[in-house]
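Here's the structure we're looking at; comments come further down.
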Amino acid sequence: MFGILSRDDILKMLKASPPLVENLCDVQKQVQPNGIDLTLKEVALLSSPGGLGFSNEDRILSRASPLVFDGLGRIDLLPGCYLVTYNEVVNLPKNIMALAAPRSSLLRCGVSIHSAVWDAGYSGRSQSLMVVYNAQGFRLHRNARIVQMVFFSLSREVAQGYQGMFQGENI
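Put into C-alpha cells, the structure is as follows:
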C-alpha cells in the first residue's frame, strides 16, 4: 500500500525506533491530519555567494550567519532571503519520502519557504530557504510552526536510501 500518511499513520511512526520525526515541541499541536508542522530553531542570513554545476565538485554552499532572537524570543526580518533550521530531526525509512509547504498563515503575511525533496532514507535536522517578500518585513518567534511536512509511502522500499552530503546534518 502506498499513498500519503494520515495522522494515525504518523502517530504510529513517531513511536518507532528511530521515530519518523523527533524533537517535536508539542505532538498534539504539530501532528496534522496529513503531516507534521516543523518549527523554527534558527534563522540565518546568507553571507556569501554560492555555486552549483553538474558535478558535486562544483558545489559551493553559501555561508550563513545566524541571527539573534531578542529577549522575548522574537526576530524582526527585513525583506530578503534567509536560511531557516528546524528544531525537529527527520528520520525517513527507505519506504517513505517527504515534501514540505509553508503554512498558509506565512503566505498571507507575504513570506514563503522553499524546500527540496526529503529522499527515502534521509536522517537529519533540515534547513530551508525563507523569503520575506512583504516590503514591511516580518516578525518571527522562536519555535513558530512554519511548514507542514507531508509524508509519502512509496510503492516499495528503495534499494539504497539517501547517501548525499546532508545525511545526518545539524545533529
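Residue numbers (our numbering): 1416 to 1586.
C-beta: ideal position from N, C-alpha, C; glycine also.
Quantities reported herein were computed from a predicted structural model and do not represent experimental measurements.
Straight-line Cα distance separating residue j from residue i
i, j, result
"P1481", "E1457", "7 Å"
"V1483", "H1556", "11 Å"
"R1422", "Q1551", "36 Å"
"G1576", "Y1537", "7 Å"
"P1448", "R1518", "14 Å"
Short Cβ contact (9 Å threshold) for residue i with residue j
i, j, result
"N1585", "T1500", "yes"
"F1553", "D1491", "yes"
"I1425", "V1446", "yes"
"I1511", "L1435", "yes"
"L1522", "G1495", "no"
"A1516", "V1547", "no"
Opposing strand residues paired with residue i [DSSP bridges]
i, result
"V1446", "I1451"
"Q1563", "D1452 and A1516"
"A1479", "L1461"
Sequence-distant residues of its chain with Cβ nearer than 8 Å to residue i (five each side left out)
i, result
"P1464", "I1475 and S1477"
is_contact[residue i, chain D] using C-beta, thresh 9 Å
i, result
"F1553", "Here chain D cannot be found, since the structure has a single protein chain."
Same chain, Cβ closer than 6 Å to residue i, neighbours up to 5 away in sequence not counted
i, result
"M1428", "L1435"
Residues of its chain near residue i, where Cβ-Cβ distance is below 7 Å and the 5 sequence neighbours each way are ignored
i, result
"G1488", "H1556 and R1557"
"A1559", "T1454 and L1455"
Distance cut-off 8 Å: residue i Cβ against heavy atoms of the ligand FMN
i, result
"L1420", "Annotation note on the ligand FMN: not contained in the displayed structure, which lists no ligands."
Exercise. In chain order, which beta strand (DSSP E) runs of at least 3 residues are fully inside the region 1517–1557?
Worked result: DSSP runs (the beta strand (DSSP E)) wholly in the region 1517–1557: 1526–1529, 1542–1547 and 1553–1556.
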